[in-house]
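Data block below; observations after.
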Amino acid sequence: MRYKSQKVAYWFFALSMLLIILQLTYGFIMAFAHMGYDGLHEIIPFNTAIAVHKNLLVVWILSGFMGAAYYIIPDEAETELCCPKLAYLQLIALAVVGVIAIVGFHFEWWEGRKFLEIPRELDYLVVVDVLLFLFIILATLWKGKKRTTTALVLSGGLVGAALLYLPGMIWFDNHAYDSFFRWWVVHLWVEGVWELIMGGILAYLLIRLTGVDREVIEKWLYVIVGLTFLSGILGTGHHYYYTGTPSYWLTIGGIFSALEPLAFLGMALFAMVMYRKGEKKHPNKLALMWTLGSAILAFVGAGMLGLAHTLPQVNLWTHGTLVTAMHGHMAFWGAYGMLVFAFITYVMPNLTGRKRYFTKTGEYAFWIANIGMILMTSAFAAAGVQQVALERIAGFDFMEVANELWYHFFVLIIAASIFSTGVLMFIWEFYKYGTPSDSALQAQEEFQPISE
Amino acid sequence: MLTKKQAMLFFMLGTFLFSIIFIGLTYDTVTRGIPKHTHEENMTDAVVRGRTLWDQHNCMGCHTIMGEGAYYAPELTKVYERRGPGYIKAVLMSKTPWAPRGRKMVAYGFSEEEADDLVAFLKWIGEADLNGFPPKPTFKPQSKD
Ligand code: HEM
Ligand SMILES: [Fe+2]
Numbered sequence: 003m004r005y006k007s008q009k010v011a012y013w014f015f016a017l018s019m020l021l022i023i024l025q026l027t028y029g030f031i032m033a034f035a036h037m038g039y040d041g042l043h044e045i046i047p048f049n050t051a052i053a054v055h056k057n058l059l060v061v062w063i064l065s066g067f068m069g070a071a072y073y074i075i076p077d078e079a080e081t082e083l084c085c086p087k088l089a090y091l092q093l094i095a096l097a098v099v100g101v102i103a104i105v106g107f108h109f110e111w112w113e114g115r116k117f118l119e120i121p122r123e124l125d126y127l128v129v130v131d132v133l134l135f136l137f138i139i140l141a142t143l144w145k146g147k148k149r150t151t152t153a154l155v156l157s158g159g160l161v162g163a164a165l166l167y168l169p170g171m172i173w174f175d176n177h178a179y180d181s182f183f184r185w186w187v188v189h190l191w192v193e194g195v196w197e198l199i200m201g202g203i204l205a206y207l208l209i210r211l212t213g214v215d216r217e218v219i220e221k222w223l224y225v226i227v228g229l230t231f232l233s234g235i236l237g238t239g240h241h242y243y244y245t246g247t248p249s250y251w252l253t254i255g256g257i258f259s260a261l262e263p264l265a266f267l268g269m270a271l272f273a274m275v276m277y278r279k280g281e282k283k284h285p286n287k288l289a290l291m292w293t294l295g296s297a298i299l300a301f302v303g304a305g306m307l308g309l310a311h312t313l314p315q316v317n318l319w320t321h322g323t324l325v326t327a328m329h330g331h332m333a334f335w336g337a338y339g340m341l342v343f344a345f346i347t348y349v350m351p352n353l354t355g356r357k358r359y360f361t362k363t364g365e366y367a368f369w370i371a372n373i374g375m376i377l378m379t380s381a382f383a384a385a386g387v388q389q390v391a392l393e394r395i396a397g398f399d400f401m402e403v404a405n406e407l408w409y410h411f412f413v414l415i416i417a418a419s420i421f422s423t424g425v426l427m428f429i430w431e432f433y434k435y436g437t438p439s440d441s442a443l444q445a446q447e448e449f450q451p452i453s454e
Numbered sequence: 080m081l082t083k084k085q086a087m088l089f090f091m092l093g094t095f096l097f098s099i100i101f102i103g104l105t106y107d108t109v110t111r112g113i114p115k116h117t118h119e120e121n122m123t124d125a126v127v128r129g130r131t132l133w134d135q136h137n138c139m140g141c142h143t144i145m146g147e148g149a150y151y152a153p154e155l156t157k158v159y160e161r162r163g164p165g166y167i168k169a170v171l172m173s174k175t176p177w178a179p180r181g182r183k184m185v186a187y188g189f190s191e192e193e194a195d196d197l198v199a200f201l202k203w204i205g206e207a208d209l210n211g212f213p214p215k216p217t218f219k220p221q222s223k224d
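So the sequence lines, in the order shown, correspond to chains A and B.
Each residue of the first sequence is one higher than the last, beginning at 3 in my numbering.
Each residue of the second sequence is one higher than the last, beginning at 80 in my numbering.
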């Protein structure tokens, strides 16, 4: 069912698109600095650029998740969104906090904690904003007619993500505690509750796009998120190998994190099998491409490339090198970036009433962005392996090795340009759709089977 | 065949069980493990002040420490052992961007006291038991400097 209040989702996606452009810009600044061209050093030193790059990433993905939730929950619960005005307020608050944080980073207004650089004062605002968001989602679910598994898993993930932000707000005098609880946020997000959000969104998309029976899809959804927590919770131990923590984490973290790819394999199989099983084919082929693509690249980036350095015997050598950057990029892109893109591609025709299901630009955007990301990952991999070999194994000085690695960053910049071209084409398509219309949301027909 | 209810049960029980284990291990790590491994008794006021400066200036946005941070500048866990306090203080107090090997650090121009605090912090972290990290190189070449 479609509801007028779902429109608000569009503005969250628009915010996402804007923030991606900024994120990529700061990424280029860093790649050039790695190559030796740090002309912006005085205004935007590397640590400012990286804080902006990472936080924008998190905020645009969260904004995408929020937009998706504002669209999915009314549909699944079969009711208008509770208090849509508050949802707009929540959006504006999110954008304002984001902008203040980003500007603040240029003036050293931050905490030196990877991924959680937002200063304490702003953390409180983030908490208020997220509480408002959760209130709207949960109130909608409450007053709705139905509480589907898909909606519950999605909401569970969102509530979990909010709760897990809190341990990241405690100050510790001992740096090792700070590191320990920082992973409660970062790891238990991306390898825990965010996977619930991913599973929920994926299930929603698969139900709509393939027409497979909801009961079947939701059953497997439980299995997948079951695997996520079974492996991912103790898998946190892969960040506790070498950070002032007891050595039992080497065994526990090693075993359980090595099981984490199963959940991502589950997602990939889930998407592909349901796609094959589905008798109806939704005309929105691009949405299907992004959905399947996301599930598959999540398995490659998070599952396979994560596995590559998760055993303590390997991680001893690769820990804190560019090998980590290789994995981080494809994991975030595949699992969460592409998922947001998939969702946007799915909802834009519904929101705007324009049935631009398959455009050439849209199709090229998919391929160019993904080929670009695969090349970027390769450049990071080559740089990472060379760094490990020369610095860690052969014992050369860090800077001597870093000066050798410039050519990988040259390749990275070429690859990133390809990737950015794809992303910009996607954003162009988004722009071409125009803004949502009430009449589109009043048209209720959803499924138009087409013959292949 | 697996039913939806069984699948839900698998999810609930697994999550509950592993959360409990995780919280138990966390309790042990937090109360016994970390204080022992980091020699918390050696954590002087200077170390805490150094840690505060470390946080305020986001040194982890370029450097790694205990292997965590960014990959733009040297790993600093063992920098005290590698360079000694004099060298480190020169880096930290420099009024122009420190860059003997070409890549620029931010010119913080710290005061003598601040530099001492950061040195204390780096010395303390260098003494922590990190289960063998950073590993000793398998082959040790002659470094140029
Ligand atoms: C979508 C899911 C995932 C995302 C978004 C992701 C992202 C990241 C990021 C950004 C980092 C760097 C964090 C930092 O240094 O602060 C990281 C580290 C790491 N990830 Fe993942 N990851 C995911 C899944 C996995 C999985 C499934 C595994 C294991 C099979 C894994 C293994 C690792 C390991 C071992 C590290 C530590 C690297 C080091 O020692 O420096 N990751 N991940
Ligand atoms: Fe992790």
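Here a beta-carbon is modelled for each residue, glycine too, at the ideal position from N, C-alpha and C.
This one's a predicted model, so the numbers in the text were calculated from it and none came from an experiment.
Between L209(B) and Y244(A), the gap from beta carbon to beta carbon is short of 8 Å.
Look at I172(A) here: in three-state DSSP terms it is coil, with no helix or strand label.
Straight-line measurement puts the Cα of F231(A) at about 13 Å from the Cα of A86(B).
Between the segment 296-313 of chain A and the segment 348-358 of chain A there are fewer than three inter-stretch CB-CB distances shorter than 8 Å, so the stretches are not counted as touching. The criterion of a C-beta distance shorter than 8 Å is not satisfied by M19(A) and E80(A). Contact check for F382(A) against M37(A) fails: the beta carbons are separated by 8 Å or more. Residue-level contact check: A125(B) does not touch chain A, since none of the beta carbons of chain A fall below 8 Å from its beta carbon.
Residue state for T143(B) is assigned as strand, using DSSP reduced to three classes.
At least one heavy atom of ligand 2 lies closer than 7 Å to the C-beta of E193(A).
Apart from sequence neighbours up to five positions away, the residues of its chain that approach W369(A) with a beta-carbon distance below 8 Å are G424, ordered along the chain. By the Cβ neighbour-count rule, E113(A) is buried, with 16 or more other Cβ atoms within 10 Å of its own. With distances taken between CA atoms, P76(A) lies nearest to Y5(A) out of V129(A), Y5(A), H284(A).
Taking C-beta separations shorter than 7 Å and ignoring five residues to either side along the sequence, the partners of V99(A) in its chain run L124, L127, V128, D131, following chain order. Within chain B, the residues Y150 have their CB atoms less than 7 Å from the CB of T323(A), given in chain order. Taking 8 Å as the cut-off, the beta carbon of F101(B) is found no closer than this to the beta carbon of Y224(A). A distance below 6 Å between beta-carbons, with the five flanking residues on each side excluded, links F432(A) to the following residues of its chain, in chain order: M19. Under the criterion of beta carbons closer than 8 Å, H284(A) and R358(A) do not qualify as touching, at roughly 14 Å. A direct Cα-Cα distance of roughly 13 Å separates L156(A) from L64(A). Contact note: R394(A) reaches chain B through P213, P214, P216, using a C-beta cutoff of 8 Å and chain order. Under the Cβ criterion of 8 Å, D134(B) is counted among the residues facing chain A. Taking 7 Å as the cut-off, the C-beta of H118(B) does not count as close to any heavy atom of ligand 2.
Between K287(A) and F360(A) the beta-carbon gap is near 5 Å, inside 8 Å, which marks them as a contact.
G239(A) counts as buried, since at least 16 other C-beta atoms from the protein chains shown sit within 10 angstroms of its C-beta. Taken in chain order, the complete alpha helix (DSSP H) segments of 4 or more residues contained in the segment 145-203 of chain A are 151-167, 177-190. Following the DSSP letters along the chain, one finds G69(A) inside the alpha helix (DSSP H) bounded by residues 48-79. Taking every protein chain shown into account, the CB of A199(B) has 16 or more other CB atoms within 10 angstroms, so this residue is buried. Residue pairing by DSSP places G148(B) opposite T143(B) in a beta bridge. Cβ-Cβ distances below 7 Å link P216(B) to nothing in the same chain once the five nearest sequence neighbours on each side are left out. Nearest CB-CB separation between G256(A) and chain B: not below the 8 Å threshold.
For T247(A), the chain B residues whose C-beta falls within less than 7 Å of its own C-beta are T108, G112, I113, H116, listed in chain order. Under the DSSP definition of a beta bridge, E154(B) partners with T143(B).
Not one beta carbon of chain B lies nearer than 8 Å to the beta carbon of P169(A). Shown in chain order are the members of the segment 140-165 of chain B whose Cβ falls below 8 Å from a Cβ of chain A: G140, C141, T143, I144, M145, G146, E147, G148, A149, Y150, Y151, A152, P153, E154. Considering only Y167(A), V60(A), L208(A), T379(A), the residue with the shortest C-alpha distance to I104(A) is V60(A). The CB of N121(B) never comes closer than 8 Å to any CB in chain A; the least such distance is about 11 Å. Going by DSSP, N352(A) is part of the alpha helix (DSSP H) stretching over 340-354.
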